[in-house]
Structures are given as structure tokens and as C-alpha cells.
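Taking the working numbering as reference, the numbering of the sequence shown is continuous, increasing by one, and the terminal residue is 1541.
The C-beta atom is built at its ideal place from N, Cα and C for all residues, glycine as well.
One structure below.
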Amino acid sequence: MVPLKRRKTVPSDTGSTGTDGGPTRFPQVVLFLLERKMGASRRAFLSKLGRQKGFQVEEVFSETVTHVISENNYGDEVRTWLHSQGGGPGRAAPVLLLDISWYTESMRAGRPVEILDAHKLQEQQTSETEVVLFLVSSYACQRRTTLDNQNSTVTDALSLLAENAELSEEDGRGVAFRRAAAVLKALPATVTDTSQLRGLPCLGEHSLRVIREILENGASSEVDSTKQSERFKALKVLTGIFGVGAKTADRWFREGIHDLHRLRASGQTLNRAQQAGLDHYDDLNQPVSRAEADAIGDIVRNAVVSVSAEARVALTGGFRRGKPAGHDVDFLVTHPEEGREVGLMPKVVSWLESQGFLLYQKITRNSYLESKDGPGRAASNMDRFERCFSIFKLPEGENRGAEEPETENASRTETARRWRAVRVDLVVSPISQFAFAQLGWTGSKLFERELRRWAGHEKAMSLSSHALYDNKQSRYLRAASEEEIFAHLGLEFVPPSERNA
Ligand code: CTP
Ligand code: MN
Ligand code: MN
């Protein structure tokens, strides 16, 4: 048994009396309950109980603590934690690491009971077989990532840091966090211990630090402070306006515009997209449901068929990956006869406009010409199909939920609104490029990025949403299906529902 530490000083301000009870009855015993695995509410309950019994139970770990009490923790886990608190071996007097059983027995006895072997923390078997290790390929396009994410606490945290980096135009850092998150999304089970991270690809020092913090304490201080920061909150609101990117939002933020109210009052000149984005802000920041996506699909199909009977429409983007909700709905339009897709977009848009389905639209012309562009630019992530970024006016139908929130618009007209605004992307592709367009627009964004990185680094090929070019053979590789593109790339086919990296 280790003798109790004889303490020379007792802090006068907080320490010597229990807050809930009378004066401390056992001055040589300063307790600290570890929240890890115990949980905050149980810890609060047990701490209060201890104080009522006259024990000194500290809220915060410090030099004065003599006993650390934990529940369901192994010795090495608590020692690692202690080390991170500066309470490692270098400390003047050793801290006792005890199991909760010692605490509860002491509470029952009304005094610190003798420390028996059963009260000491168990040591973890460190043999490799005890730890579930994961084998993960390093490119997201080699992995199967379903929507069934077993590590969402950690991946949400990493995604938030990625978003913050992207909002600060630190794209490199953003990608690093996205890659780390994607590795954890692909794991078949929940990571419970940092030892399981061994050998996983794409986990940089920073990401590892965040993951460790979450595994050990249930939260990351960096993530929490980012979430709370004025700048992050303001940039999220401002980039939530359709047509406003990180650069514009940052400029506005520096000019003191931190919310929509101040933006409206500022007299800033907004372009047509931003004005529409501001007008329909609430609707566009409310997720689009699958039912709404299907309703929009019907409208788009009607429009396309009215303009050209043989033309085809395919759902793409997040909904093709099986997501139950999205920020927009993405469609690809093509024609079975090469060349007949030319001119489709303006006609489709006119039809939609004439039926009153569009609140905003902007068509961008097709600027891709294989003979001119060549493979050198194929790796760019912006494709050059004829496309239309739009905002639909979706009439309320049987696919919509019955409850409509009170909106500015409704109160202005004093009639219940019978529609909502939805972002829709339309892309027209010639049939010869359709498989590439489908692969390029299905996403996820990281999956796409990783496909292009794989093509370039591992295969000396350039992949875009238009074509695949083999740099060694100096020729384009044609494909009529996504399966053929994966085969050209030497990758196992990954279906859309498993591209949720
Ligand atoms: N994309 C693109 N060029 C753009 C915009 C998007 O190639 N200018 C591609 C993206 O790479 C992505 C796909 O289109 O693979 C869908 O993008 P987006 O609608 O932004 O994302 P989703 O995955 O559909 O997610 P969400 O549900 O939020 O819409
Ligand atoms: Mn989308
Ligand atoms: Mn989109």
C-alpha cells in the first residue's frame, strides 16, 4: 500500500471545505473524479455525495489532488490522461489512481477505506490481438463509405474544422481534415481507444490531436471554441447566402457585417444571385427532403420531355448517393444522339420559366472542346458543361410536410404560402461524355478529389467530368458506363451509395 501523501499546504480559497457539506474531514485526501467514461452527470452526482460526507472533491485537476478516481478505465489510460495534465512521473508526489469501488466503499464507510488490490486500476492486456485494428486503403476511392457512419462524433468535429479552414481560405488544411474525417467514416466500427488509430492513413498530427482529445474527454476544446467564435458563426451565416463565397463573406465580416440584418442595412451592392439568395435565405437553408427532390425530378423530366421527346434526365449529386436530404437537387440531362443535346438548356429553362417554376436561373455555356482543351486542363475540378444554377419555386403538394413555418413572405402577403424555394443544378452532357459527367457529379466532393488524385498519382492519367486521358499512351480512354471508368483506373467499382466519403 502506498502511504498517503503528507501535504504541506492546503489552499485556503477553494480547497479546505466541501461546498455541499461542512469542513473537510480528511485533509490529506484530495479527490478528483475523472469524467471520462463516467459521464458528466454521474460525476457531478458522486462529487456532491462525497462533499456531503465531508470529503474534499475538486472540480478541476490540480497539483493538490492526491487521489484520482475513475470508472471503467484502465491504468494506462488514466496515466496517459494524467501525463497530459502535467501530472506525470515528474510530479513531486505520486497521485493514487483508484477505481470507483474505493470511492463508493469510502462513501459507505464515511471515511477513506484502506486501499486494497481490488481498488487499483486494472492493466490493459497490450498484446496486439486485444485491440481491434483497422486496415484502410489510403485513397477514399479505394474504400466503400456508406451513410452508416460509426464515428460521427469524431467526423463531425473534423468536418467542422475543415469547414472553418475552408472559410478562412486555407484549402490545404481543409482537405487534410476532410481526408482524416473520411478515413473514420469508412471504419466498420466505432473507435474507442487511441491505440486503434495505429496504422490508419491520412491522420495528420493536428487531426490525431483532435481525435485523441475527443476519445479521452468526449469533446475537443479547439472544436468547441471554433463553434463559439464570432467569426465562424458570422461566416457560416453569410456563406449560407446562395452566391456568397468565403472571400466575399470574409470581406463583409471585416467591414463589420456579421449577420443578415446588418447586411441588409449596409447598402452593399449584391449581384443577382446574392439578391435571390438573400430573398430566399430561410428556404434555401432548410434541407431539401427526398420527397421534394422527387417532386422536382418530375417537373424537370416534364420540362425536358416537352422540349425533346428522346432527351433523358438523371438524378445525380447527394440524392443519387442515397442521402435522405441535401442542400440542393442535381440533375444531368443528355440526348441519345450525340449533338442533339446542344441548345437543350435554354429551351428547358424557358419552359420552366413559362410555367412559373423558376425564381432565379443563370445558364453557363458549354466551353469544353476536347480538341482545344486537351488533357492538360482535364484535372481541373470545374467542368465546363452547359449548366444552369437555379432556384425553383416548388409548389406545395402531397410530397410536402403539412406544417409550414411562418415566413417573412407569408406575413407580407397575409396568405399562407403554397410553395418553397429549392436550389437546383441542371447540367447538360453529350452522350459520349455522360458516364464521366455522371461520375463527376455524383460526388461526394472528397470522393471526386480522391479519384482525380488516384488517376494522376497512381496511374499517370487525367480524369475530369468530361474525359479520361492516359498520359503514358497519350490518348483518351472512352467509357460508356461508370464501371468502365473504374476499370480504366484499375479500381474496383464503387456504387454511388458507397461514395459517401
Ligand atoms: N460539382 C462540380 N462543379 C460544380 C459544383 C459541383 O463538379 N461547380 C460536383 C461536385 O464535385 C459534387 C457534385 O457536383 O461531386 C454535387 O455537388 P453538390 O450539389 O455541391 O453536393 P452534394 O454531394 O450533392 O451534396 P448536397 O446534398 O449538399 O447537395
Ligand atoms: Mn447536391
Ligand atoms: Mn449541386
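Distance, residue 1162 Cα to residue 1488 Cα: 46 Å
Coarse secondary structure for residue 1184, derived from DSSP in three states: coil
Cβ-Cβ distance between residue 1032 and residue 1185 below 8 Å: Residue 1032 is absent from the model: the chain starts at 1041 and stops at 1541.
Contact belief for residue 1070 with residue 1111 at Cβ below 8 Å, rounded distance in angstroms: With 8 Å as the limit, residue 1070 and residue 1111 do not qualify as a contact, their Cβ atoms being about 19 Å apart.
First and last residue of the uninterrupted alpha helix (DSSP H) at residue 1610: No statement about residue 1610 is possible, as the shown extent of the chain runs from 1041 to 1541 and does not include it.
Contact between the region 1421 to 1436 and the region 1462 to 1478 (3+ Cβ pairs under 8 Å): yes
Distance cut-off 7 Å: residue 1357 Cβ against heavy atoms of ligand 3: yes
Buried/exposed call for residue 1095, threshold 16 Cβ in 10 Å: buried
DSSP three-state assignment for residue 1527, whether helix, strand or coil: helix
From 1175, 1266, 1144, residue whose alpha carbon lies closest to that of residue 1202: 1266
Whether residue 1374 touches residue 1470 by CB criterion (8 Å): yes
Any non-hydrogen atom of ligand 3 within 7 Å of residue 1264 CB: no
Cutoff 8 Å: residue 1328 Cβ touching any chain B Cβ: The displayed structure is made up of one protein chain only, and chain B is not part of it.
Outcome for residue 1269 when other beta-carbon atoms lying within 10 angstroms are tallied against a minimum of 16: exposed
Contact test: residue 1370 Cβ vs ligand 3 heavy atom, cutoff 7 Å: yes
Helix, strand or coil at residue 1540 according to DSSP, with G and I counted as helix: coil
heavy atom of ligand 3 below 7 Å from residue 1290 C-beta: no
Assigned secondary structure, residue 1385 (DSSP; H/G/I helix, E/B strand, else coil): helix
Cβ pair count under 8 Å reaching 3, the region 1472 to 1485 against the region 1521 to 1530: yes
Near ligand 3: residue 1465 beta-carbon under 7 Å from a heavy atom: yes
Closer than 7 Å: residue 1196 CB and nearest ligand 1 heavy atom: no
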